[in-house]
Amino acid sequence: MNGLKQNNITILGSGTSTGTPIIGCHCKTCLSDHPHDKRLRASIFLRTKQNHHILVDATPDLRYQLLRQKIQYIDFVLISHEHADHVHGIDDLRQICFQKTKQELDIYCAQLHQPYLVERFPYIFQREKFFNKDRPILGGGIPILKLKAFELKDQIKHLEIMGEPFTFFLLPHNYTKTVCFYHDGFAYLPDCHEVTANVIEFLTQQKLRLLIINCLQEQDHQTHLTVEKSFAYIHKIRPAQAGLIHMNHNLSHEELTRLAKENFDFPVFPVYDTQNLNY
Ligand SMILES: [Zn+2]
Ligand SMILES: [Zn+2]
């Protein structure tokens, strides 16, 4: 069953909630011809050594992201938090359900995000309210998703999913918290405005081979990490290499690549859509 010697990540999207270019914007990055300045909403796809295919977040760009990477099979989905740029593509998982024997797909989230998902997609997560024996699902149908909410508070929690060793923790992000994770030498911190001391300590101990961390822009921001903060956390955590994600149009790929090179003596780089990384 084992297909890969290393775990593999595909960057499905590297941008913030607006994507880049932004509709109606004529700034340098939005008008750039550089392919790495075209950023869909942030999401990653993991193919593990155990041959599991794991989608992290279901962005509004999900359909195109899956088509572009020719992804047609997913074992389970992880949801980082309830913001629109991370969940509004959930309906497009329908086609993935059709590829599965039982036509059912597991979608994991933290308990604190569960009510928002149910409220946002009642026809999926409360389908018994909408469909029954006398009122069956007609036409193209709906995605059959099994929402599996796990308890996560301020602890660092180990949880195996299909035998995959995940460690989950929450980081503060706007009025919510984001589920971030560690998996076999890799840590993913997509949306946050702070990395708490207990998480820095945990990640430092792991001697990460790869860290992917939120890096929105240079200017101060209430809900995301700035370049300065993101760089400071990378210096503290000291992974073998670090990728920057969830950038907005104030940072071009070229500019952020230059800033990262000036500040580190190990590989730190903005990730880009379609990029493949091993860990
Ligand atoms: Zn986001
Ligand atoms: Zn967010």
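In the numbering used here, the protein residues as written are 56 to 334.
All residues carry an ideal CB built from backbone N, CA and C; glycine is no exception.
Status (buried if at least 16 other CB within 10 Å, exposed otherwise) for residue i
i    : result
T103 : buried
T71  : buried
C82  : exposed
C247 : buried
Q120 : buried
A97  : buried
R94  : buried
K284 : buried
F223 : buried
Y334 : buried
Per-residue DSSP class, three states only, for residue i
i    : result
N187 : coil
N331 : strand
V142 : helix
T312 : helix
E256 : helix
D275 : coil
Y171 : helix
L214 : strand
N269 : strand
Y288 : helix
C235 : strand
E317 : helix
heavy atom of ligand 2 below 6 Å from residue i C-beta
i    : result
D328 : no
D246 : yes
Residues bridged to residue i [DSSP beta-bridge criterion]
i    : result
C247 : In DSSP, C247 forms no bridge with anything.
N63  : R102, N333
C164 : A204
R94  : T75
A295 : Looking at the DSSP assignment, A295 forms no beta bridge with any residue, so it has no partner.
Ligand 1 heavy atom lying under 6 Å from the CB of residue i
i    : result
H138 : yes
S69  : no
S98  : no
A72  : The sequence given here places Ser at residue 72; Ala does not occur at that position. Yes, the Cβ of S72 comes within 6 Å of a heavy atom of ligand 1.
CA nearest to the CA of residue i, picked from the options
i    : options                : result
L332 : A165, E309, M302, G240 : G240
L299 : Y243, P191, D275, T329 : Y243
T34  : R313, A315, V326, H308 : The question about residue 34 has no answer here: the residues shown for the chain are numbered 56 through 334.
P115 : D147, Q261, R123       : D147
A295 : S285, Q274, T259, V282 : T259
Q154 : I126, Y163, H141, E273 : I126
L207 : E219, N305, I197, H168 : H168
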